[in-house]
Amino acid sequence: MSLKKLVCTAAVAAFVVITAPAAAAQQGQPDEVDALPFMPAPATQVWATRSLSAQPGQAQPQFLRLDIDQLTPRFVTSDSPATVRITGKIVNIGDRKVSDIVLRLERGEPLDSEDDLRKALREPAAAEAVQPKFTPVAGELEPGQQKDFTLEVPLRGTEPTSLEVERPGIYPILANVNGRPDYGGQARLAALSTLLPVLGVPGGETRGKPGASSKLTVLWPIADRPRLVRLGGEGRSELIDDELAASLSVNGRLYGLLQAYEQAVPQMSTAMCLAIDPDLLRTVQAMSTGYQLRGGTEGKGRIEAKLWLDRLKLAVTGRCVVALPYADADLVALNRAKLATMRTLAVTDGPKLIQDVLSVQPLPDLVWPEDGVLDQSTFDELVTPQPDKGYPGAKSLLLDPTGIADAPGTAPVVIGGKNPVTAVKIDSMVSDALQGSESRPRTLSGVTTPVESQPVSVQNALAVLVFRAGWQGDGRNVLVAPPRRWHAPLSEMTEFLTTAQKLLTSGYASQTGLAELTGATPAVTNAKISYPPEAGAREISAIISDSVTDQSVELNGLVAAMQQEDSAHASPSDLADPLWLGLLRAMSGAWRGNEQGARSAAEVSQSELNALTGMVGVTQPNSPILLGSGDSPIPVTITNKLDVRVTVRINLADTPGIRKLDLADQVLPARGERVVRVPVEVLRSGRFPVSVRLTTPEGVALGDTVKLEVSSSAYGTITVIITVIAGIALVLLSGRRIYKRVRARNGENGGAPSIENVTPEKSSA
Numbered sequence: 005m006s007l008k009k010l011v012c013t014a015a016v017a018a019f020v021v022i023t024a025p026a027a028a029a030q031q032g033q034p035d036e037v038d039a040l041p042f043m044p045a046p047a048t049q050v051w052a053t054r055s056l057s058a059q060p061g062q063a064q065p066q067f068l069r070l071d072i073d074q075l076t077p078r079f080v081t082s083d084s085p086a087t088v089r090i091t092g093k094i095v096n097i098g099d100r101k102v103s104d105i106v107l108r109l110e111r112g113e114p115l116d117s118e119d120d121l122r123k124a125l126r127e128p129a130a131a132e133a134v135q136p137k138f139t140p141v142a143g144e145l146e147p148g149q150q151k152d153f154t155l156e157v158p159l160r161g162t163e164p165t166s167l168e169v170e171r172p173g174i175y176p177i178l179a180n181v182n183g184r185p186d187y188g189g190q191a192r193l194a195a196l197s198t199l200l201p202v203l204g205v206p207g208g209e210t211r212g213k214p215g216a217s218s219k220l221t222v223l224w225p226i227a228d229r230p231r232l233v234r235l236g237g238e239g240r241s242e243l244i245d246d247e248l249a250a251s252l253s254v255n256g257r258l259y260g261l262l263q264a265y266e267q268a269v270p271q272m273s274t275a276m277c278l279a280i281d282p283d284l285l286r287t288v289q290a291m292s293t294g295y296q297l298r299g300g301t302e303g304k305g306r307i308e309a310k311l312w313l314d315r316l317k318l319a320v321t322g323r324c325v326v327a328l329p330y331a332d333a334d335l336v337a338l339n340r341a342k343l344a345t346m347r348t349l350a351v352t353d354g355p356k357l358i359q360d361v362l363s364v365q366p367l368p369d370l371v372w373p374e375d376g377v378l379d380q381s382t383f384d385e386l387v388t389p390q391p392d393k394g395y396p397g398a399k400s401l402l403l404d405p406t407g408i409a410d411a412p413g414t415a416p417v418v419i420g421g422k423n424p425v426t427a428v429k430i431d432s433m434v435s436d437a438l439q440g441s442e443s444r445p446r447t448l449s450g451v452t453t454p455v456e457s458q459p460v461s462v463q464n465a466l467a468v469l470v471f472r473a474g475w476q477g478d479g480r481n482v483l484v485a486p487p488r489r490w491h492a493p494l495s496e497m498t499e500f501l502t503t504a505q506k507l508l509t510s511g512y513a514s515q516t517g518l519a520e521l522t523g524a525t526p527a528v529t530n531a532k533i534s535y536p537p538e539a540g541a542r543e544i545s546a547i548i549s550d551s552v553t554d555q556s557v558e559l560n561g562l563v564a565a566m567q568q569e570d571s572a573h574a575s576p577s578d579l580a581d582p583l584w585l586g587l588l589r590a591m592s593g594a595w596r597g598n599e600q601g602a603r604s605a606a607e608v609s610q611s612e613l614n615a616l617t618g619m620v621g622v623t624q625p626n627s628p629i630l631l632g633s634g635d636s637p638i639p640v641t642i643t644n645k646l647d648v649r650v651t652v653r654i655n656l657a658d659t660p661g662i663r664k665l666d667l668a669d670q671v672l673p674a675r676g677e678r679v680v681r682v683p684v685e686v687l688r689s690g691r692f693p694v695s696v697r698l699t700t701p702e703g704v705a706l707g708d709t710v711k712l713e714v715s716s717s718a719y720g721t722i723t724v725i726i727t728v729i730a731g732i733a734l735v736l737l738s739g740r741r742i743y744k745r746v747r748a749r750n751g752e753n754g755g756a757p758s759i760e761n762v763t764p765e766k767s768s769a
């Protein structure tokens with residue numbers, strides 16, 4: 005299984021609750037009854053723990069919740085305080101009173117190898133090596149009540165509450181809460197597990213500096229999920245929602261990311277590099293001039309967007325910047341959907357936009373794909389130059405180690421082939437620890453937690469980073485890349501970067517620029533692309549990519565029918581490019597694992613496409629159309645509200661009584677209207693509903709279908725011919741009958757006497 009799927013924890017974790025049988029132990033002996041049936045979850049938050057879902061077939065009662073507000077020190081050095089201090093609260097979330105609530109910190113044996121550390125990130129390591137004395141917290145808590153606490157224990161020494169840390173190491177620690185719920189015995193009711201890095205013991209031993217310091221590089225992401233619907237002039241841009249306004253404000257996520265970068269970059273100017281999503285940059289730029297939300301409501305974040313954008317411009321001046329694929333598009337999914345043009349747009353539009361808006365040149369021809377992996381086909385397409393489209397091909401890639409085969413070590417490698425490229429490896433153990441369980445469920449001993457929705461902390465990532473620098477100081481590259489849409493408080497971001505600065509200033513690590521890595525001459529030149537199966541399972545679904553493919557075909561057909569009127573009017577690309585970018589938003593990697601979000605984005609892009617095609621169509625006449633003869637044409641008014649010329653085809657639906665005749669395609673001028681006489685042949689008199697619709701020559705529907713009422717009292721040509729033939733036949737048949745009657749009469753009177761010579765018979769009366 006890829007480390008991308010492993011649970012990476014950050015600061016504080018979840019709790020579980022069990023009820024111990026009353027006979028299991030006595031209330032006064034918590035040391036003997038505090039074991040859980042499985043290990044507690046690793047730390048994911050410094051300020052709160054959360055419950056695990058119950059094991060299959062079991063109903064786990066929940067009594068207490070342990071919330072940690074602060075843990076100090078987070079990273080122990082020789083000049084740190086000699087005590088470990090945690091503050092927080094214990095909350096009774098159950099349905100019964102809990103008595104005799106006690107708390108202690110336990111620790112396990114130090115983790116000496118990378119394998120041990122990776123295992124501890126997946127599942128909490130044992131922390132029973134030192135089990136100090138419990139400290140009372142509360143005599144009792146009724147349901148709904150809570151109790152604040154502060155626990156301070158010696159880091160070393162022989163005191164009853166001491167952690168007895170005598171040498172440097174990466175120590176598993178456990179905050180263990182015991183209590184006695186009504187109708188039950190003393191039991192562990194809440195727990196927290198995390199890692200505590202100790203580089204130097206206060207008053208004791210300090211870890212010696214390595215022979216070759218680690219080479220530290222930090223790739224700091226500035227990204228968000230797509231929110232832009234339509235880009236317009238001042239006040240006319242439209243967003244899905246107004247969540248960015250809060251994110252850009254003080255205490256917001258994007259505000260914190262930028263502030264943490266600003267604070268760290270003076271001391272880490274070489275090591276730090278911003279990775280910016282161009283779509284976010286375009287969205288914030290649109291917000292800074294005023295915007296609306298979908299539905300017509302005015303957006304509230306104009307000032308915040310302008311201030312944040314101005315700060316970003318100042319912060320990146322002369323600094324390292326990387327352009328993410330536009331809207332962080334899923335390049336593999338685009339390639340599978342045969343959307344090559346969109347894939348190229350995703351990696352070429354962003355650098356231009358960043359340079360235009362921020363006046364800084366991103367590292368050229370560098371691609372950082374979603375999850376840091378590519379399949380072979382997508383890789384081949386990305387690195388192949390396309391001179392006709394002005395695409396030079398990717399020259400370097402940022403990849404997860406699971407995405408590269410035959411590439412030992414941490415240094416950059418060359419992935420060979422017709423177009424070899426340099427692949428720079430991301431340190432997956434540090435980055436995954438920062439990822440935590442923010443977007444992936446985790447499974448511990450058969451217990452699955454739901455997806456974390458709150459910010460993750462960085463405590464375990466600190467431990468991993470200290471281990472890399474202090475215990476693996478062999479000159480290795482450590483490229484740290486937090487999650488694309490990292491959701492952590494400013495204090496946690498600052499804590500992580502502060503730890504990195506301490507490692508740099510103390511000589512355990514040295515700064516290495518990303519440009520130095522991408523421009524290096526690798527020793528390994530035969531590496532290969534590897535695509536983990538679990539990465540494929542996270543791609544944008546085929547349902548969404550099929551929808552985007554259909555929309556791209558429709559948009560291509562529309563663009564093919566457009567021509568620029570003149571230099572004073574818009575070009576087809578002016579109208580189509582925003583829609584292509586909208587399609588990329590529907591294929592954003594932000595929607596991995598969020599099918600509903602992807603569907604909504606695809607619906608937004610479809611509505612924008614419909615709005616564009618709806619600008620050309622047939623105008624409904626005010627009254628029925630009267631045809632004076634059988635070959636009279638039907639007048640159809642067609643309108644083009646676009647700022648480009650459009651070639652259209654008028655389509656009449658099959659209508660009984662009317663036969664369509666051929667008509668050439670029509671060219672509608674920009675923002676123009678024409679009345680076109682559509683030739684038809686009326687086969688009979690009467691009233692006909694005729695459905696008319698415009699399409700492009702390639703069949704893309706334009707506007708709505710309009711139903712015309714057509715009336716005709718005239719006969720068509722065929723009807724007249726039939727009538728004339730019938731008349732002639734009637735005359736001929738009538739003449740023939742008269743002729744036969746005359747002949748018959750003459751034949752009967754030939755031998756009979758004339759009536760004039762016959763004497764009338766007299767009456768006998």
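Sequence positions in the sequence shown follow the working numbering and run 5 to 769. Just so you know, even glycine gets a beta-carbon here, dropped at the ideal spot from N, CA and C.
Could you tell me how far apart the beta carbons of T91 and T139 are, in whole angstroms, since I believe they sit closer than 8 Å? Taking the sequence shown and counting its residues from 1, one reaches residue 91 at position 87. Taking the sequence shown and counting its residues from 1, one reaches residue 139 at position 135. With a Cβ gap of about 13 Å, T91 and T139 do not count as contacting.
D99 classed as buried or exposed, judged by whether at least 16 other C-beta atoms fall within 10 angstroms: Numbered from 1 along the sequence shown, position 95 holds the residue referred to as residue 99. Around the C-beta of D99, fewer than 16 other C-beta atoms lie within 10 Å, and the residue is accordingly described as exposed.
Test item: CB-CB of G354 and P389 under 8 Å: To locate residue 354, count along the sequence shown from 1; it is residue 350. To locate residue 389, count along the sequence shown from 1; it is residue 385. No, they are not a contact pair.
Same chain only: Cβ atoms within 8 Å of R323, ignoring 5 sequence neighbours per side: Looking up residue 323 in the sequence shown gives position 319. If we look at R323 and ignore the five residues flanking it on each side, its Cβ neighbours are V269, S273, M276, C277, L278, V364.
Which residue wins for smallest C-alpha separation from S510, given the options G474, L115, I544, E607? Residue numbering aside, residue 510 sits at position 506 when the sequence shown is read from its first letter. It is G474.
Buried or exposed for Q600, going by 16 or more other Cβ atoms inside 10 Å? Taking the first residue of the sequence shown as 1, we reach residue 600 at position 596. Exposed, because fewer than 16 other Cβ atoms sit within 10 Å of the Cβ of Q600.
Report yes if the CB atom of R286 is closer than 8 Å to the CB atom of G294, and no otherwise. As a first step, residue 286 must be located in the sequence shown, where it is residue number 282. As a first step, residue 294 must be located in the sequence shown, where it is residue number 290. The answer is no: Cβ separation not under 8 Å.
Local conformation of N789 per DSSP, three classes: Outside the shown range of the chain, which is 5 to 769, sits residue 789, and nothing can be said about it.
Within the same chain, show all residues whose beta-carbon is closer than 7 Å to that of R122, passing over the 5 residues directly before and after it, in chain order. Reading the sequence shown from its first residue, position 118 is the one you call residue 122. Answer for R122: M433, listed in chain order.
Identity of the residues DSSP links to P225 by a beta bridge: Start at 1 with the first residue of the sequence shown, and residue 225 comes out as number 221. Answer by DSSP bridge pairing, in chain order: A279.
Taking a contact to mean a Cβ-Cβ separation below 8 Å, would you say V417 touches A411 in this structure? Against the sequence shown, residue 417 aligns to sequence position 413. Against the sequence shown, residue 411 aligns to sequence position 407. Result yes, Cβ atoms of V417 and A411 sit closer than 8 Å.
R663 bridges to which residues according to DSSP? Within the sequence shown, the letter at position 659 stands for residue 663. According to DSSP, R663 bridges with E685.
Is it the case that the Cβ atoms of V377 and G413 are separated by a distance below 8 Å? In the sequence shown, counting from the first residue as 1, residue 377 sits at position 373. In the sequence shown, counting from the first residue as 1, residue 413 sits at position 409. Cβ atoms of V377 and G413: not closer than 8 Å.
Under 8 Å between C-beta atoms of A337 and P282: The count along the sequence shown starts at 1 and reaches residue 337 at position 333. The count along the sequence shown starts at 1 and reaches residue 282 at position 278. No, the pair does not count as a contact, with Cβ atoms beyond the cut-off.
Which residue or residues does DSSP assign as beta-bridge partners of F153? Mapped onto the sequence shown, residue 153 falls at position 149. According to DSSP, F153 bridges with G92.
Measuring CB atoms only, is the region 195-210 touching the region 170-179, in the sense that at least three cross pairs come out at less than 8 Å? yes
Does DSSP put D104 in a helix, in a strand, or in coil? Taking the first residue of the sequence shown as 1, we reach residue 104 at position 100. In this structure, D104 counts as strand in the three-state DSSP scheme.
So, using beta-carbon positions, are A605 and P164 closer together than 8 Å? As a working mapping, residue 605 is identified with position 601 in the sequence shown. As a working mapping, residue 164 is identified with position 160 in the sequence shown. Going by C-beta atoms, A605 is not nearer than 8 Å to P164.
Let me know the secondary structure DSSP gives L159 once reduced to three states. The residue you call residue 159 lines up with position 155 of the sequence shown. The answer is coil: DSSP assigns L159 none of H, G, I, E or B.
What's the C-alpha gap between L220 and G517? Walking along the sequence shown from the start, residue 220 turns up at place 216. Walking along the sequence shown from the start, residue 517 turns up at place 513. For L220 and G517, the distance between alpha carbons rounds to 8 Å.
In or out: K429 buried (at least 16 other Cβ within 10 Å) or exposed? For the purposes of this step, residue 429 is taken as the residue at position 425 of the sequence shown. Buried.
Could you give the residue range of the alpha helix (DSSP H) that holds P355? For the purposes of this step, residue 355 is taken as residue 351 along the sequence shown, with counting starting at 1. Segment 344-362, the alpha helix (DSSP H) holding P355.
May I ask you to verify whether the region 580-589 touches the region 522-529, counting CB pairs closer than 8 Å and requiring at least 3? no
For N750, count the other beta carbons within 10 Å of its own beta carbon; 16 or more makes it buried, fewer makes it exposed. Which is it? The sequence position of residue 750 within the sequence shown is 746, counting from 1. It is exposed - the Cβ of N750 has fewer than 16 other Cβ atoms within 10 Å.
Use the C-beta contact count for P114: other C-beta atoms within 10 angstroms, 16 or more gives buried, fewer gives exposed. Start at 1 with the first residue of the sequence shown, and residue 114 comes out as number 110. Classification of P114: buried, given that the 10 Å Cβ count is 16 or more.
At what residue ranges does the region 494-558 contain a whole run of the alpha helix (DSSP H), taking only runs of 4 or more? Within the region 494-558, the complete alpha helix (DSSP H) runs of at least 4 residues are 494-509, 518-522, 537-541.
Y187 classed as buried or exposed, judged by whether at least 16 other C-beta atoms fall within 10 angstroms: For the purposes of this step, residue 187 is taken as the residue at position 183 of the sequence shown. Exposed, since its Cβ has fewer than 16 Cβ neighbours within 10 Å.
Do you know offhand how far G837's Cα is from A546's? Because the chain spans 5 through 769 in this model, residue 837 falls outside it and cannot be assessed.
Sequence-distant residues of the same chain with beta carbon closer than 6 Å to G802, five excluded per side: Past the boundaries of the shown model lies residue 802; the chain is included only from 5 to 769, so the question cannot be answered.
Distance, E677 Cα to R697 Cα: Translated into positions along the sequence shown, residue 697 becomes position 693. Translated into positions along the sequence shown, residue 677 becomes position 673. In this structure, the CA atom of R697 is about 15 Å from the CA atom of E677.
When the Cα atoms are used, what is the spatial distance from Q515 to T522? In the sequence shown, residue 515 corresponds to position 511, counting from 1. In the sequence shown, residue 522 corresponds to position 518, counting from 1. Distance between the alpha carbons of Q515 and T522 is about 15 Å.
Can you list, in chain order, the residues of its chain with a C-beta nearer than 8 Å to that of F471? Leave out the 5 residues immediately preceding and following it. Here residue 471 is taken as the residue at index 467 of the sequence shown, counted from 1. Excluding residues up to 5 positions away in sequence, L115, E118, L121, I174, P201 lie with their Cβ nearer than 8 Å to the Cβ of F471 in the same chain.
Are at least three pairs of beta-carbons, each pair with one atom in the region 610-630 and one in the region 699-710, less than 8 Å apart? Taking 8 Å as the limit for Cβ pairs, the verdict is that the region 699-710 does touch the region 610-630.
Which of helix, strand or coil does DSSP assign to P60? Locating residue 60 in the sequence shown gives position 56, where the first residue counts as 1. Note that P60 scores 42 on pLDDT, short of 50, meaning its location in the model is unreliable; the coordinates nonetheless yield the value given after this. Correct three-state label for P60: coil.
Which value, in whole angstroms, describes the spacing of the CA atoms of A668 and E569? As a first step, residue 668 must be located in the sequence shown, where it is residue number 664. As a first step, residue 569 must be located in the sequence shown, where it is residue number 565. Rounded to the nearest angstrom, the two C-alpha atoms are 20 Å apart.
Secondary structure of P405, DSSP reduced to three states: Here residue 405 refers to the residue found at position 401 when the sequence shown is read from its first residue. It is helical.
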